[in-house]
Amino acid sequence: MDSQTVAGAPCWVSLLARELPAAQAFYGDVLGWTYRPAGLGEDFTVALSDGMAVAGIGALASSLQVAVSWTPYFAVSDVDEAAARIRERGATVAVGPLAFHSGRAALAMDPDGAAFGIWEGAVRSDWTVGRGSAPAWLELRTRDTLEAARFYGQVLGWAPEKEDGFTLVHEEDHAVLRQDGQIVAKIRGGAVQATPDPQLRPRWHVYFRVPEVSGSVAAALSGGGALAVAGDASPDPRETTPREATLREATLRDPDGALFTVTSG
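This is the structure we're talking about:
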């Protein structure tokens with residue numbers, strides 16, 4: 697663990713599940729994860745890929761009365777100050793700040809209702825979005841790109857003029873957050889707050905790399921999950937029929953309804 701990280705950087709992702717054993721079994725089959733205790737009690741666990749930490753899973757959705765979802769956490773230097781900035785800008789701090797053995801955290805919802813977390817404390821030095829076993833990238837699907845970028849920029853310190861290798865840049869119809877040149881998050885507009893479909897509502901979305909997308913889709917369907925969106929089906933040059941195309945990306949829904957995307961990119 698390393699207590700130093702760039703303020704505003706993604707520092708962890710976690711799933712608030714209903715039942716820990718069921719969630720572990722599903723993601724173990726779909727993503728090949730194994731698990732170890734998180735040191736936060738029997739309701740928490742750390743998912744591992746090839747022995748490296750990927751994400752956290754906690755059986756807390758029922759007790760906290762929140763939707764089952766994947767949630768990104770962002771590092772802040774002072775969780776109380778960050779929580780105050782969130783409230784001042786018309787958003788909600790739903791849980792916390794709470795103290796843990798290595799820091800303090802709060803769960804919040806941005807002005808459009810997308811859930812995210814803030815964390816003050818030690819972070820993993822071997823966990824960086826886009827590298828190693830960490831998620832490939834995060835994506836905020838929101839109502840208005842400019843308004844969302846302004847909110848997170850003010851709360852987390854994202855700005856294009858920063859000199860510490862961590863910048864937010866607008867590119868055509870979306871915004872891209874880079875850390876030392878690596879894309880770690882994207883912001884896209886067009887989400888609809890009133891829609892009953894969670895796929896279309898404002899939310900943070902997590903992308904996980906897998907060796908074979910079609911295999912993860914099959915495992916998800918066998919484990920009680922569902923295919924929400926399949927995209928980027930690219931024909932395999934070794935094959936001759938369209939039905940043998942290689943699936944590059946798929947958005948899946950776990951048995952509790954949490955959405956996530958598997959990608960080969």
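Whatever position you read off the sequence shown (first residue = 1), add 696 for the numbering used here. Backbone N, C-alpha and C fix where the C-beta goes; we use that ideal spot for every residue, glycine too.
Which of helix, strand or coil DSSP assigns to residue i
i           : result
residue 717 : helix
residue 724 : helix
residue 924 : strand
residue 790 : strand
residue 914 : helix
residue 756 : coil
residue 819 : strand
residue 919 : coil
residue 751 : strand
residue 966 : Only positions 697 to 961 of the chain appear in the structure, and residue 966 is not among them; the question remains open.
residue 827 : coil
residue 795 : strand
residue 931 : Reliability of the predicted coordinates at residue 931 is poor, the pLDDT of 43 falling under 50, and the value obtained from them is presented with this limitation in mind. In the structure shown, residue 931 sits in coil (DSSP, three-state: anything other than H, G, I, E or B).
residue 938 : Annotation note: pLDDT 38 at residue 938 (below 50); position unreliable, coordinate value reported separately. DSSP places residue 938 in helix when its eight states are reduced to three.
Delimiting residues of the alpha helix (DSSP H) encompassing residue i
i           : result
residue 781 : 775-784
Candidates the options: closest to residue i by CA position
i           : options            : result
residue 922 : 897, 907, 948, 903 : 948
residue 793 : 775, 753, 810, 915 : 775
residue 815 : 920, 705, 955, 730 : 705
residue 740 : 748, 756, 727, 726 : 756
residue 799 : 807, 886, 817      : 817
residue 884 : 911, 839, 803, 763 : 839
residue 902 : 873, 782, 834, 865 : 834
residue 899 : 850, 804, 738      : 804
residue 801 : 896, 875, 813      : 813
residue 887 : 863, 875, 843      : 843
residue 828 : 789, 875, 905      : 905
residue 738 : 847, 848, 715, 729 : 715
residue 836 : 946, 912, 896      : 896
residue 728 : 925, 768, 909, 924 : 909
residue 848 : 956, 768, 919, 955 : 768
residue 925 : 912, 946, 911      : 946
CA-to-CA distance, residue j to residue i, given in whole angstroms
i           : j           : result
residue 852 : residue 709 : 16 Å
residue 877 : residue 917 : 36 Å
residue 990 : residue 856 : Here the chain comprises residues numbered 697 to 961, so residue 990 is not present and cannot be evaluated.
residue 907 : residue 960 : 6 Å
residue 952 : residue 713 : 7 Å
residue 744 : residue 719 : 14 Å
residue 770 : residue 778 : 10 Å
residue 810 : residue 819 : 23 Å
residue 831 : residue 750 : 7 Å
residue 699 : residue 868 : Note that residue 699 scores a pLDDT of 44, beneath 50, so its modelled location is shaky; the value from the coordinates is reported in the next line. Distance between the alpha carbons of residue 699 and residue 868: 36 Å.
residue 958 : residue 870 : 21 Å
residue 724 : residue 731 : 9 Å
residue 987 : residue 735 : Here the chain comprises residues numbered 697 to 961, so residue 987 is not present and cannot be evaluated.
residue 914 : residue 780 : 44 Å
residue 721 : residue 753 : 12 Å
residue 766 : residue 854 : 22 Å
residue 773 : residue 703 : 6 Å
residue 785 : residue 796 : 26 Å
residue 845 : residue 733 : 35 Å
residue 726 : residue 873 : 28 Å
residue 875 : residue 841 : 19 Å
Range covered by the beta strand (DSSP E) that runs through residue i
i           : result
residue 807 : That residue, residue 807, is in no beta strand (DSSP E); it is neither H nor E in DSSP.
residue 710 : 706-712
residue 743 : 740-745
residue 733 : 730-733
residue 953 : Looking at the DSSP string, residue 953 is not in any beta strand (DSSP E), and its letter there is neither H nor E.
residue 768 : 765-771
Beta carbon proximity, residue i to chain D, threshold 7 Å
i           : result
residue 943 : Here there is only one protein chain, and chain D is not present.
**OP:** Give, in chain order, every unbroken run of the beta strand (DSSP E) that is at least 3 residues long and sits entirely within the stretch 836-911.
**Re:** 862-867, 870-875, 878-884, 899-905
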